[in-house]
Structure formats: structure tokens, C-alpha cells
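> Have a look at this one.
In UniProt numbering, the protein residues as written are 1 to 269.
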């Protein structure tokens, strides 16, 4: 089993910068996520902002893990029943659509990874509720992070909250360790049992990014080699933060000025 890296003070400083920059891309693009825009235009704008304004590298562009073809764009745009890894293109966003924008930047070798949901025009009650429950799932999972806790604690509280609302948790994709490597140990499942899997230690950095489906949890992979949709074509939603385990709890590395309000019952530590 791959060992989980404990980040140095230098690593943590670098990850704070990368995380903030990733979140600031989402702040920048928010006004452009409007009815009538194409996902390809959102990708173009984000790419130019990363490279020309921030001096960052879009980590997804040409990313090619084993068994995949190189990813062709700078961001992921997952619309409606797309769970993750939607490739930007000619898709025109319309009123009622929901879209997840997933941003990962590289700054001085460090990766900052975060995603947000956007609801366009007049979203359905179902879409708004799924988005809210998924947002709460992410924060409830994060709230369990502290030294001595277990990864299973995170997954358990997410699964409980999602399933209580009548939704399902995607099993095939999960959160992950991150640093100078885009995806590293540990795998952060969004389901599970308390007190199981790896014990958390100060200095670990990983993402919490629950993918919650309005219908069943089964997935289907598209022919482009990347896009993943719900098998039953139900809506899916995702929120993501990169989180540092501190000596006393956790620190969110992907917060920025334009981040949506944090639920009242979550106490940042």
C-alpha cells in the first residue's frame, strides 16, 4: 500500500498558495457562468486567467493517468447528469442546468484542487435540494477531520447524510491525497464505517469531494474516455475542498473571498 506523505512546513506553505489560487479561478469565472455560455468558453476564460494572470499551470490539461488518453482541456465542466470529468466543448448552458466546475492549478510545483456547483436561470426544486445536500455532505465530512480520527469517519457521515435525503453516493470516484503529485495516497471514500481505514495525522493533505446522485449510484462511462454520467440519467452534484490536517483539527486550503457561505453548524478550526 502506498504510504501517505506528511507534508513539511514548506509544503504546507506552497499548498496554501496553490489552494487559494485554485479557488480564485472559481471566483473569477462565476460572473461568466450564465445561460447561453458554452462550456468551452468557460474553459477558455479559466485557462487564460490561470496562465496570463495567475502564472499557474492548469493541471488537467494533457493529464494522462495509466489507461487514459490525455485530458484535452484546462478544467472539467460536468453538466446535469455528468458526475465528473466532463470535457468542455460546444455544450450551451440553459436555464435549469446545473454545472460543476472542477479547477486544479499548479503553482511552484504544488497542486490546488477545488470544485463548485453553479445553478443556472431557474433551477428545479430537485436540483436546488441536491446541490444543498451535497454541499452539506462535503462540510460534514470535513468537520470530522482531526488527528486520531479515521478516513472512515469522513465517509460515514457523508453517506448517512446523503442517504437520509434519499440520494446515493458514487463509489467509483473519491477524494485523494495531493501535494506535488496531483493524485496520491490516501483514497478518501465518501462512504464507509466509523473507525475504519487510515488514521489521520497532522500534516496530511487531501481532498474531500463527494459525488452525490439524485437517483441510483451506478455510473456509465462515455466514449471520450473521460466523461462519467449517472447510469439512470438522474442529476448528480459535487463540491470539493483541499484540506490540511492540523495539530488540532483541519484547515481549508481552497477558501477565497468569493466562496459561498459556510453552513452555520460548521465551525472552522
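Glycine included, every Cβ here is placed at the ideal spot set by N, Cα and C.
Computed from a predicted model, the values in this text were never measured in an experiment.
Between the C-alpha atoms of residue 64 and residue 181, what's the straight-line distance to the nearest angstrom?
Computed Cα separation, rounded: 13 Å.
> Who pairs with residue 211 in a beta bridge, going by DSSP?
Paired residue(s): 238.
> Which residue marks the beginning of the alpha helix (DSSP H) containing residue 128, and which one marks its end?
Taken as a continuous stretch (DSSP letters only), the alpha helix (DSSP H) holding residue 128 covers 125–143.
> Consult DSSP for residue 150 and reduce its assignment to one of helix, strand or coil.
Residue state, collapsed to three classes: strand.
> State the Cα-Cα distance for the pair residue 163 and residue 130, rounded to the nearest angstrom.
Cα-Cα distance, rounded: 11 Å.
> Less than 9 Å separating the beta-carbons of residue 28 and residue 51?
Contact flag unset, no.
> What is the rounded straight-line gap between the Cα of residue 40 and the Cα of residue 117?
So the alpha carbons of these two residues sit roughly 17 Å apart.
> Using a Cβ-Cβ cut-off of 7 Å (strictly less than) and excluding sequence neighbours within five positions of residue 233, which residues of its own chain qualify?
Same-chain partners within the cutoff: 81.
> Shortest alpha-carbon distance to residue 197 belongs to which of 151, 168, 165?
Ranking the options by Cα distance to residue 197, first place goes to 151.
> Could you pull out every residue in the same chain whose Cβ sits closer than 7 Å to the Cβ of residue 271, ignoring the five residues on either side in sequence?
Only positions 1 to 269 of the chain appear in the structure, and residue 271 is not among them; the question remains open.
> Between 247, 259, 120, which has its C-alpha nearest residue 6's C-alpha?
The shortest Cα separation from residue 6 among 247, 259, 120 belongs to 247.
> Comparing C-alpha positions only, which one of 222, 83, 97 sits nearest to residue 174?
Of 222, 83, 97, the residue nearest in Cα terms is 83.
> Taking its Cβ as the centre, do 16 or more other Cβ atoms sit within 10 Å of residue 107, making it buried, or is it exposed?
Under this definition residue 107 is a buried residue.
> Residue 39 by DSSP, collapsed to three states: which one?
The answer is helix: DSSP assigns residue 39 an H, G or I state.
> Just to confirm the assignment, what range does the alpha helix (DSSP H) spanning residue 21 have?
Its alpha helix (DSSP H) spans residues 9–29.
> Under three-state DSSP, which class holds residue 339?
A query on residue 339 cannot be resolved here, the shown segment of the chain reaching from 1 to 269 and no further.
> Roughly how many whole angstroms lie between the Cα atoms of residue 183 and residue 47?
Cα to Cα, residue 183 sits roughly 21 Å from residue 47.
> Would you tell me roughly how many angstroms separate the C-alpha atoms of residue 112 and residue 11, rounded to the nearest one?
Approximately 12 Å between the Cα atoms of the pair.
> Leaving aside the five residues before and after residue 32 along the sequence, list all residues of the same chain whose C-beta is less than 8 Å from its C-beta, in chain order.
Excluding sequence neighbours, residue 32 sits near 41, 42, 45.
> Helix, strand or coil for residue 176 per DSSP?
Residue state, collapsed to three classes: strand.
> Determine the contact status of residue 153 and residue 194, defining contact as a CB-CB distance below 9 Å.
Cβ distance < 9 Å, so residue 153 and residue 194 count as in contact.
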